[in-house]
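This report refers to the structure that appears directly beneath it.
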Amino acid sequence: MSTFKSIKWQYVSTAEIRKIIKSLKTKYSHGYDEISTRILKASMPYITSPLTYICNQSLAQGTFPDRMKFAVVKPIFKSGNKYEPANYRPISLLSAFSKVLERVIYNKLYEHIDNNLILDNNQYGFRPNSSTEKASFKLIEEILKAMNNRQFVGGIFCDLHKAFDCINHDILIKKLEFYGITGKFGALIKSYLNGRYQRVTLVPNSSINSSSSWAEVKFGVPQGSILGPLIFLLYINDITKVSINGTNIFLYADDTSIIVTNPEYADYKSAMTRIFYNINTWFRTNLLKLNIHKTHTLHFTLMNYEDHNMHNNIDQNLPTNLECIKFLGLNIDNRLCWKYHIDYLVTKLSSSCFLMRSVKPMISLSSLRMIYFAYIHSVMTYGIIFWGNSSYMTKLFMIQKKIIRIMMGLKKRDSCRDSFKEMKILPLCSQYIYSLMQHTTNNMHLFTRNTEVHNIGTRQNVNLFPPSTSLTKVQKGPYYSGIKIYNHLPKELKQLSNNQKSFERSLKRFLHANSFYTLNEYFNYKGT
3 MSTFKSIKWQ YVSTAEIRKI IKSLKTKYSH GYDEISTRIL KASMPYITSP
53 LTYICNQSLA QGTFPDRMKF AVVKPIFKSG NKYEPANYRP ISLLSAFSKV
103 LERVIYNKLY EHIDNNLILD NNQYGFRPNS STEKASFKLI EEILKAMNNR
153 QFVGGIFCDL HKAFDCINHD ILIKKLEFYG ITGKFGALIK SYLNGRYQRV
203 TLVPNSSINS SSSWAEVKFG VPQGSILGPL IFLLYINDIT KVSINGTNIF
253 LYADDTSIIV TNPEYADYKS AMTRIFYNIN TWFRTNLLKL NIHKTHTLHF
303 TLMNYEDHNM HNNIDQNLPT NLECIKFLGL NIDNRLCWKY HIDYLVTKLS
353 SSCFLMRSVK PMISLSSLRM IYFAYIHSVM TYGIIFWGNS SYMTKLFMIQ
403 KKIIRIMMGL KKRDSCRDSF KEMKILPLCS QYIYSLMQHT TNNMHLFTRN
453 TEVHNIGTRQ NVNLFPPSTS LTKVQKGPYY SGIKIYNHLP KELKQLSNNQ
503 KSFERSLKRF LHANSFYTLN EYFNYKGT
């Protein structure tokens, strides 16, 4: 029996509709009605009142307009054989009007979800103030915690086959009712899901008929929609209930990962088998298909080698055991040394040297800097708080310095420290410090101040309290490293940590001025 209150909602005002229209991305692409969000915004003074009336009628009657349920699917070529359908990614284009009504429904639905604490804390996808970084941080810290406690620790990383397209509407409606989404609002969600149609268009605006006939969509949530991802979160939300002692389930949308820990090897083996059975049973019960060929296990170890025979004998029914898997864009290896991930980045960014060398004679230095931040910086810094303290990072820093030398026209052995400062680009180690301090100060609730533990001198009362550990692996992790680096910041910077924007601006100025190449340089800095 459900303990959740029934959803309560209010009619929407013209001011809210105006705000929603302004918040939509301005695009030229359009749905079947050929009205883009660009046109929608240009017409806002004339359509706000009628749209407000339509949205309120939908809420009152519990009906989603049929004309807003049509989607045009355009296949976008990825790579490989152009005649192979699997090499195309479908892009679904919805009516711009439907996005306004969807946002109205989304806002009211999310308010109900948030007020009633419906979503599991371990769900990090499609939520405000959440990110892949937060999901990765929680998962990696769980592994490091087990290592620190000298426990066996492993992970099962699940891959679902077209999860968003396989949602069963009958099961979904029952779950929505359980969460208190009933009455006219529940009927509106049901109407939103049912009676949807789509067609495939190969060449838009062609004189030749290049569109398929309309086909009804009987499963899944609408691709490219505002409301669909949130509905999916409610569908998969109760999967964490299958957890057993010593297991923790982490969710990022449809990415489901389980971390298993136990001090006893026999119990660890048993838990790995049981939790995989439970999770697979849940998927089958909810009519979602586990892609067993892309689902893998990873057994973490502190050793430089792994006893594969020991782990492969855990259970033949478990997915294949690997040394490294890709998790939310990070290549996580079984020793958390980050060699695989950094090698991947080195390979990917080596081509950037050729790019910079090719375009340098044709464009200005400011344009080169723009290219650097557009194509190199984001790739180089993604997830840096996890791998930035790895001994393998030197290889990537060499690539960064090579790119800087090309941009500035320096010789191979010329120092580029002043060039980093001139172009206001942080060396990789300084970027690691900046990103980790961003994460640490944004998540102060995860840390303990020295003053909360014991009385301490005024010089250190703003410092964070470091946990006890003798493991280098744990000390290099984002939690412990975050504390150590934060505590060494100049006092005037630490005093700004309650004002995130001021802190980040001042921290960046400090790092640009000093341009630290290594953590040793930073810790030898005497300005604290």
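Just so you know, we're using the numbering used here here: the sequence shown kicks off at 3 and counts up by one.
Just so you know, even glycine gets a beta-carbon here, dropped at the ideal spot from N, CA and C.
Inset, instruction - Report yes or no: do the region 443-455 and the region 145-159 share at least 3 C-beta pairs separated by less than 8 Å? - result: Counting Cβ pairs under 8 Å, fewer than three are found: no touch.
Inset, instruction - Over the uninterrupted alpha helix (DSSP H) stretch that includes residue 287, give me the two end residues. - result: In the sequence shown, counting from the first residue as 1, residue 287 sits at position 285. Its alpha helix (DSSP H) spans residues 267-287.
Inset, instruction - Compute the minimum distance between the beta carbon of residue 441 and the heavy atoms of the ligand COA, and state whether it is under 7 Å. - result: Only the bare structure without any ligand can be found here, which leaves the ligand COA out of the picture.
Inset, instruction - With distances taken Cα to Cα, identify the nearest neighbour of residue 21 among 51, 172, 33, 11. - result: In the sequence shown, counting from the first residue as 1, residue 21 sits at position 19. Distances from the CA of residue 21 to each of 51, 172, 33, 11 were compared; the closest alpha carbon is that of 51.
Legend entry - Bounding residues of the alpha helix (DSSP H) (the contiguous stretch that carries residue 74): Within the sequence shown, the letter at position 72 stands for residue 74. No alpha helix (DSSP H) holds residue 74; the beta strand (DSSP E) holding it covers 72-79.
Inset, instruction - Spell out the partners DSSP gives residue 254 in its beta bridges. - result: Looking up residue 254 in the sequence shown gives position 252. Beta-bridge analysis with DSSP links residue 254 to 257.
Inset, instruction - Go ahead and label residue 319 buried or exposed: buried means 16 or more other beta carbons lie within 10 angstroms of its beta carbon, across all protein chains shown. - result: Position 317 of the sequence shown, counting from 1, holds the residue named residue 319. Around the beta carbon of residue 319, fewer than 16 other beta carbons lie within 10 angstroms, which makes this residue exposed.
Inset, instruction - Just the C-alpha distance for residue 448 and residue 214, rounded to the nearest angstrom, thanks. - result: Working through the sequence shown from its first residue, we reach residue 448 at position 446. Working through the sequence shown from its first residue, we reach residue 214 at position 212. The alpha-carbon atoms of residue 448 and residue 214 are separated by roughly 53 Å.
Legend entry - Nearest-angstrom Cα separation, counted from residue 427 out to residue 517: Translated into the one-based positions of the sequence shown, residue 517 becomes position 515. Translated into the one-based positions of the sequence shown, residue 427 becomes position 425. Going by the C-alpha atoms only, they are around 9 Å apart.
Legend entry - Beta-carbon gap between residue 223 and residue 233 smaller than 8 Å: Stepping through the sequence shown from its first residue, residue 223 is reached at position 221. Stepping through the sequence shown from its first residue, residue 233 is reached at position 231. Taking 8 Å as the Cβ cut-off, residue 223 and residue 233 qualify as a contacting pair.
Legend entry - Reference residue 2, options 463, 371, 168, 440, closest by Cα: Here the chain covers residues 3 to 530 and nothing more, so residue 2 does not appear.
Legend entry - Under the three-state DSSP convention, the category residue 144 falls into: Counted from its first residue, the sequence shown places residue 144 at position 142. DSSP, reduced to helix, strand and coil, places residue 144 within a helical segment of the structure shown.
Inset, instruction - With residue 402 as the anchor, note down where its alpha helix (DSSP H) starts and where it stops. - result: Reading the sequence shown from its first residue, position 400 is the one you call residue 402. Segment 395-410, the alpha helix (DSSP H) holding residue 402.
Inset, instruction - Report yes if the CB atom of residue 377 is closer than 8 Å to the CB atom of residue 405, and no otherwise. - result: The sequence position of residue 377 within the sequence shown is 375, counting from 1. The sequence position of residue 405 within the sequence shown is 403, counting from 1. No, these two residues do not count as a Cβ contact at 8 Å.
Inset, instruction - Report buried or exposed for residue 382, applying the criterion of at least 16 other Cβ atoms within 10 angstroms of its Cβ. - result: The residue given as residue 382 occupies position 380 in the sequence shown. Sixteen is the threshold: when 16 or more other Cβ atoms of the shown chains lie within 10 Å of the Cβ of residue 382, as they do, the residue is buried.
Legend entry - Cβ-Cβ separation, residue 237 to residue 174 (assumed contact under 8 Å), whole Å: In the sequence shown, residue 174 corresponds to position 172, counting from 1. In the sequence shown, residue 237 corresponds to position 235, counting from 1. Between residue 174 and residue 237, the beta carbon gap of about 5 Å places them in contact (Cβ cut-off 8 Å).
Inset, instruction - Could you spell out where the beta strand (DSSP E) holding residue 198 opens and where it closes? - result: Translated into positions along the sequence shown, residue 198 becomes position 196. Start and end: 198-202.
Legend entry - Coarse secondary structure for residue 381, derived from DSSP in three states: The count along the sequence shown starts at 1 and reaches residue 381 at position 379. The three-state secondary structure of residue 381, taken from DSSP, is helix.
Legend entry - Inter-stretch contact at 8 Å, needing at least 3 Cβ pairs: the region 382-400 / the region 470-487: Contact check between the region 382-400 and the region 470-487: three or more CB pairs, one atom from each, fall below 8 Å, which counts as touching.
Legend entry - Best match in 212, 193, 16, 80 for proximity to residue 172 [C-alpha to C-alpha]: On the sequence shown, position 170 is the one that residue 172 refers to. Ranking the options by Cα distance to residue 172, first place goes to 193.
Inset, instruction - State the start and end residues of the unbroken beta strand (DSSP E) segment that holds residue 86. - result: As a working mapping, residue 86 is identified with position 84 in the sequence shown. Unbroken run through residue 86: none, as it is neither H nor E.
Inset, instruction - Find the nearest neighbour of residue 165 within the set 513, 369, 159, 290, judged by alpha-carbon distance. - result: Mapped onto the sequence shown, residue 165 falls at position 163. Of the candidates 513, 369, 159, 290, the one whose C-alpha sits nearest the C-alpha of residue 165 is 290.
Legend entry - Endpoints, the alpha helix (DSSP H) within which residue 109 is located: Locating residue 109 in the sequence shown gives position 107, where the first residue counts as 1. Start and end: 98-117.
Inset, instruction - For residue 295, count neighbouring C-beta atoms within 10 Å of its own C-beta (all shown protein chains included) and say buried if the count is 16 or more, exposed if not. - result: Taking the sequence shown and counting its residues from 1, the one referred to as residue 295 is at position 293. Residue 295 sits exposed, since fewer than 16 C-beta atoms from the chains shown fall within 10 Å of its C-beta.
Legend entry - Coarse secondary structure for residue 262, derived from DSSP in three states: Counted from its first residue, the sequence shown places residue 262 at position 260. Strand, per DSSP.
Inset, instruction - Could you tell me the distance, in whole angstroms, from the CA atom of residue 266 to the CA atom of residue 137? - result: Here residue 266 corresponds to residue number 264 of the sequence shown, with the count starting at 1. Here residue 137 corresponds to residue number 135 of the sequence shown, with the count starting at 1. Take the alpha-carbon of residue 266 and the one of residue 137: they are about 27 Å apart.
Legend entry - Residue interval of the alpha helix (DSSP H) (run including residue 476): Along the sequence shown, read from residue 1 onward, the residue named residue 476 stands at position 474. First-last of the alpha helix (DSSP H) with residue 476: 474-477.
Inset, instruction - Determine the DSSP secondary structure at residue 418, reduced to helix, strand or coil. - result: Taking the sequence shown and counting its residues from 1, the one referred to as residue 418 is at position 416. Coil at residue 418, not helix or strand.
Inset, instruction - Thinking residue 513 and residue 504 are a contact (beta carbons under 8 Å), I'd like their distance in whole angstroms, please. - result: In the sequence shown, the residue the question calls residue 513 occupies position 511. In the sequence shown, the residue the question calls residue 504 occupies position 502. No, residue 513 and residue 504 are not in contact; Cβ-Cβ is about 15 Å, not under 8 Å.
Inset, instruction - Using the Cα positions of residue 274 and residue 286, report the straight-line distance between them to the nearest angstrom. - result: Within the sequence shown, the letter at position 272 stands for residue 274. Within the sequence shown, the letter at position 284 stands for residue 286. Between residue 274 and residue 286, the C-alpha separation is close to 18 Å.
Legend entry - Exposed unless 16 or more other CB atoms sit within 10 angstroms - verdict on residue 259: As a first step, residue 259 must be located in the sequence shown, where it is residue number 257. It is buried - the Cβ of residue 259 has at least 16 other Cβ atoms within 10 Å.
Legend entry - C-beta contact flag for residue 261 and residue 247 at 8 Å: For the purposes of this step, residue 261 is taken as the residue at position 259 of the sequence shown. For the purposes of this step, residue 247 is taken as the residue at position 245 of the sequence shown. One thing to note: residue 261 has its Cβ no nearer than 8 Å to the Cβ of residue 247.
Legend entry - Residue span of the beta strand (DSSP E) that contains residue 36, given as start and end: The residue given as residue 36 occupies position 34 in the sequence shown. That residue, residue 36, is in no beta strand (DSSP E); it is neither H nor E in DSSP.
Inset, instruction - Inspect the CB distances between the region 89-99 and the region 123-130 and report whether three or more fall short of 8 Å. - result: No, the region 89-99 is not in contact with the region 123-130.
Legend entry - residue 139 classed as buried or exposed, judged by whether at least 16 other C-beta atoms fall within 10 angstroms: What you label residue 139 is simply residue 137 of the sequence shown in a count that begins at 1. Burial of residue 139 is indicated by the presence of at least 16 other C-beta atoms within 10 angstroms of its C-beta.
Legend entry - residue 488, buried or exposed, once every other Cβ within 10 Å from all chains shown has been counted against 16: Within the sequence shown, the letter at position 486 stands for residue 488. Residue 488 should be labelled buried.
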